[in-house]
Each structure stands twice: as C-alpha cells, then as structure tokens.
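Chemist:
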Amino acid sequence: MRYASITERLQSLGSEKWAIHAEARHMKAQGQPVIELTIGEPDVPPDPTLLAEAVRAMHAGRYRYSNGRGEPPVVEALVRKYQKRRSDVTAENVLCFPGTQTALFAVMLGLVEAGDAVLVGDPLYASYEGVIRSTGADCITVPLRPENGFHMKAADLEAAITPECRALLLNTPHNPTGAVLSAEEIAEIGAVCRKHDLWIVCDEVYEQLVFRGVFASPFDNPDLAERTIVVSSISKSHAAPGFRSGWAIGPAEFCTRLLAVSETMLFGGQPFIADMTAYALDNPIATAAIMRQSYKARAARFAETLSRAPGLVPLPPEAGMFIVIDVSDTGMSGEEFAWALLREELVAVMPGSAFGNAAEGYIRLSLTVPDAHIDEACRRIAALAARTVAPKERRA
Ligand SMILES: Cc1ncc(COP(=O)(O)O)c(C=O)c1O
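The sequence shown maps to residues 987 to 1382 in our numbering.
(1) Just to confirm before moving on: does the CB-CB distance between A1285 and V1166 stay below 9 Å?
(2) Using the three-state DSSP reduction, which class does S1319 fall into: helix, strand or coil?
(3) Out of curiosity, what's the CA-to-CA distance linking L1184 and M1138?
(4) Is D1124 helix, strand or coil when you go by DSSP?
(5) Using the Cβ count rule (16 or more neighbours within 10 Å means buried), how would you classify D1142?
(6) For M1262, which of helix, strand or coil comes out of DSSP?
(7) Could you check which residue in T1035, F1308, A1334 has the C-alpha nearest to that of A1272?
(8) Residue range of the alpha helix (DSSP H) that F1308 falls in?
(9) Could you tell me which residues DSSP puts in a beta bridge with I1021?
(10) So G1347 is in the beta strand (DSSP E); what residue range does that whole segment cover?
(11) Would DSSP call S1339 helix, strand or coil?
(12) Provide the residue(s) that pair with W1233 in DSSP beta bridges, ordered along the chain.
(13) Verify the contact flag: T1088, CB atom, against every heavy atom of ligand 1, threshold strictly below 8 Å.
(14) Flag this pair as yes or no: are the beta carbons of V1363 and P1296 separated by less than 9 Å?
(15) When you compare the CB positions of A1146 and L1105, do they come within less than 9 Å of one another, or not?
(16) So the alpha helix (DSSP H) D1142 belongs to, where does it begin and stop?
(17) Identify whether N1134 lies in helix, strand or coil by the three-state DSSP scheme.
(18) Please report the distance separating the alpha-carbon of R1152 from that of T1374.
(19) By the DSSP assignment, the beta strand (DSSP E) with P1058 in it spans what residues?
(20) Please state the DSSP three-state secondary structure of A1046.
(21) Could you have a look at A1165 and say whether DSSP puts it in helix, strand or coil?
(22) Quick check: the Cα distance between S1203 and G1017, rounded to an integer number of angstroms?
(23) Using 10 angstroms around the beta-carbon of P1129, count the other beta-carbons present and answer buried if the total reaches 16, otherwise exposed.
(24) From D1029 to G1320, what does the alpha carbon distance come to, in whole angstroms?
(25) How would you label M1383, buried or exposed, when you count the other beta carbons within 10 angstroms and need 16 or more for buried?
(26) In chain order, what residues of the same chain have a beta carbon less than 6 Å from the beta carbon of A1063, not counting five sequence neighbours either side?
(27) Between the C-alpha atoms of A1103 and C1082, what's the straight-line distance to the nearest angstrom?
(28) Cα separation between H1012 and N1134?
(29) Going by the CB atoms, is the gap between R1366 and L1327 shorter than 9 Å?
(30) Within the continuous alpha helix (DSSP H) that includes I1186, where are the two ends?
(31) Tell me, please, which residues DSSP counts as bridged to N1157.
(32) Since I believe A1010 is in contact with E1027 (beta carbons under 8 Å), could you give me their beta-carbon distance rounded to a whole number of angstroms?
(33) Closer than 8 Å is the cut-off here; do at least three beta carbon pairs connect the segment 1048-1062 with the segment 1241-1258?
(34) Assuming I1215 contacts L1155 (C-beta within less than 8 Å), just tell me the rounded distance between them.
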C-alpha cells in the first residue's frame, strides 16, 4: 500500500525517542526495581478543587459538543490571565487546544509548509522536530551554548537564518536545560525576528515553574505582538497533564485563520474540562508553588551529589522539572550511558540525543521523585560513572 510522506518523515521522531522509557516501564512491569527519571510527570496530584469542578461540571451536563475556539468560561479566563500581561488581549486572540502539544502542531500547520524552514534552539524539546517536519517545513537549529547557560543569543539566531525561514520556535523556560530567557535577551531575539519578518511561537508550558531568574516573554513586548503566538497548558502549572487542556494566544487574524484548521481537526473540546481549566486559571492554587520549591531543592540535591562523581558535570536548571548532566567525560555518549544505566543499575533517564544533536553528550533526569529515590539514583549513577572512568584513568 502507498502511504503519505509524513509517515516517513516522522518515523524516528516519535516514540523511538522514548525507547528507554518504554523499556523501563516494561522492566518495572516484570517486577524489576527500576528508578524512573524519564518523563516530566508531576509527582503531586492536581488540587482537589479542580477535580471537584470537573465532576460538578459533568453532573451539570457539561458534556455536549463545544466549538472550535473554546468554551466561553475558559476563553474569558484566558483573556483575564493574558490581559495581566498585555492589556489589548480579547477573546479574538484565544484558541483552546487539548494540550500544548496539539496547539504546537496546529499552530505550525497554520504558519509553515514544504519549502519553508523553522528555527529552533538545540538542545530542543523532543517533539519539536516532529512538529516542524510534519508540516513539510525544514528544521534549522540555533546552537544553545552551555557557556551561555543554554540561553539563545541573538547573534547565533541571526547566523542561522536562511531565506526559507518563516518562524522561530522559542521555548522559555526551556526543556531540557531549564534555561529562562531574560527580557533583554528576548528583546534582542525579537529585534532579529522583526528584521527578518519571522513569526515567534513561544512555548511557555513551564511559565509557573521558574525558581531562578524572572520569567519573560516576547508576548509581553508590544513591539512583537503582531508576530508572537504563545502556546501553553495546565499540564505543568496545575499538575494536570492527563486533562489535555491547553491553548494558543496570538494575533486575531492568525486565530481566525487557524480556527478552521482547529475545527477541522478537533470539532471542539470537552466543556467539563474547559470549566475545570477556567476554575484553575481564576483561583489561587498552590500546586505550582509546591512544585517550584521541591524541584528547586531536588535539582540542587542532584547537582551537589553528582558533581562529586567522576566524569559527571551537572548543569543546574533555572526552571522546570529536569536537570541535565554532561556525561561526556566518562567517554560514553548520553545514549550509551543511559542504556548502560538502565541495564546495569536499573535507573531510567532520557538520553540527550532525544533532545537534539547538541545534547548528545548529556542525560536528562526528571525531578519528579522523592529525595530517597534521588539519593539512591545518584548512588547508582555515580557507580556507573566510576566503573566507566576508572579503567580509562588507569590506562592514562
Ligand atoms: C517544552 C514542552 N512543550 C510541550 C509539552 C507538552 O505539554 P502538554 O502536556 O501541554 O501537551 C511538554 C511536555 O513535557 C514540554 O516539555
């Protein structure tokens, strides 16, 4: 049978990246004591009031068909949220999607196609290349340098631009590195985007999880309003990834044009989840603050312990739910280290290669486990590093 080329383009960009995670789950199901540090699944439940609101809404009959833009209560709550950042936001700037991932997919589909190119920092979130390539556009990487704390620099962006470039896919706070761009850096990046007439799609799913530095966004800069689209969700901020509730906020014309794409794709969302999301956005809920505090402490715990291990260099985050470790001094790639760690020490981590070429020497650890697991994981990670580094040093 004949298939469309998208199935070829995305072959190695989907679940293949999560092979270690899948193997770890398989080993756990067989009873092996694997410590899982792979995915970014919050380890706290959503606030009980969110669940109560979803249940209330279901019992109130909020399970009928919705519309393409989003249920009025959640659209209004999003207008209130983003009006605090830019006073000109109205319902015309809002589109709801089932999660940031779907928002990214639809937004890219609305901006680029075959023959175009999209710029993205490298390291990059695992799904970005697939999101870009699914449209037929090319993905052009901008180096995010460890010596700059993985912050995108305007000069590096400008050097990467080709005549085909139509958009920059920006991610701040950043996954996997946890880098948080400053307002000054964003202004410089924005100036390059204006000069080259690029869209800025800004993934802000970790907005609420900044523990060093101050969150800033091109969306907050009126000079960039006409070209900026923010995508985000309640997955991380409210520890509610399974509800699949996200959005895109962008210029009114963009939203009007994308509405037809969204309607064709989704035929609307779930009203009871919309009500729950509106409740989450409108009420003071402590979940993000709780996670911020624990992820900051856990990142410090990993960094302190693993910095004493041979061949390992922790690269502490400013935000988010991960820490990246440079394992290149062990002589192994991140991929080799991660597989050896799973097979020999029963610790599952993501190999840096899932997050672009620049991350090949790294592994990424999730901060979503309790301290006892962190301490035991550090012991096992250090043991593998010691076994790997020691023979080399003996030979030297
Ligand atoms: C940077 C980034 N963007 C998007 C997503 C997907 O988020 P959502 O659950 O809202 O689809 C994730 C999930 O880990 C992420 O890390």
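No residue lacks a Cβ here, since even glycine has one placed at the ideal position from N, Cα and C.
Modeler: Quick look at the numbers:
(1) no
(2) coil
(3) 16 Å
(4) Here D1124 sits in strand by DSSP.
(5) Looking at its Cβ environment, which holds 16 or more other Cβ atoms inside 10 Å, D1142 is buried.
(6) helix
(7) T1035
(8) No alpha helix (DSSP H) holds F1308; the beta strand (DSSP E) holding it covers 1308-1312.
(9) Bridge pairing for I1021: V1333 [DSSP].
(10) Taken as a continuous stretch (DSSP letters only), G1347 belongs to no beta strand (DSSP E), as it is neither H nor E.
(11) helix
(12) C1082, S1218
(13) yes
(14) One detail in the question is off: residue 1363 reads as Ala in this sequence, not Val. No.
(15) yes
(16) 1140-1146
(17) helix
(18) R1152 and T1374 have their alpha carbons spaced roughly 44 Å apart.
(19) Note, P1058: premise wrong, no beta strand (DSSP E); alpha helix (DSSP H) at 1058-1069.
(20) coil
(21) A1165 falls in the coil class under three-state DSSP.
(22) 45 Å
(23) So P1129 ends up on the buried side.
(24) 25 Å
(25) Here the chain has residues from 987 to 1382 only, and residue 1383 is not among them.
(26) A1264, L1267, D1268
(27) 26 Å
(28) Straight-line Cα distance between these residues: approximately 38 Å.
(29) yes
(30) Careful: I1186 lies outside any alpha helix (DSSP H), inside the beta strand (DSSP E) at 1185-1189.
(31) D1189
(32) With a Cβ gap of about 13 Å, E1027 and A1010 do not count as contacting.
(33) yes
(34) Wrong, their Cβ atoms sit about 10 Å apart, outside the cutoff.
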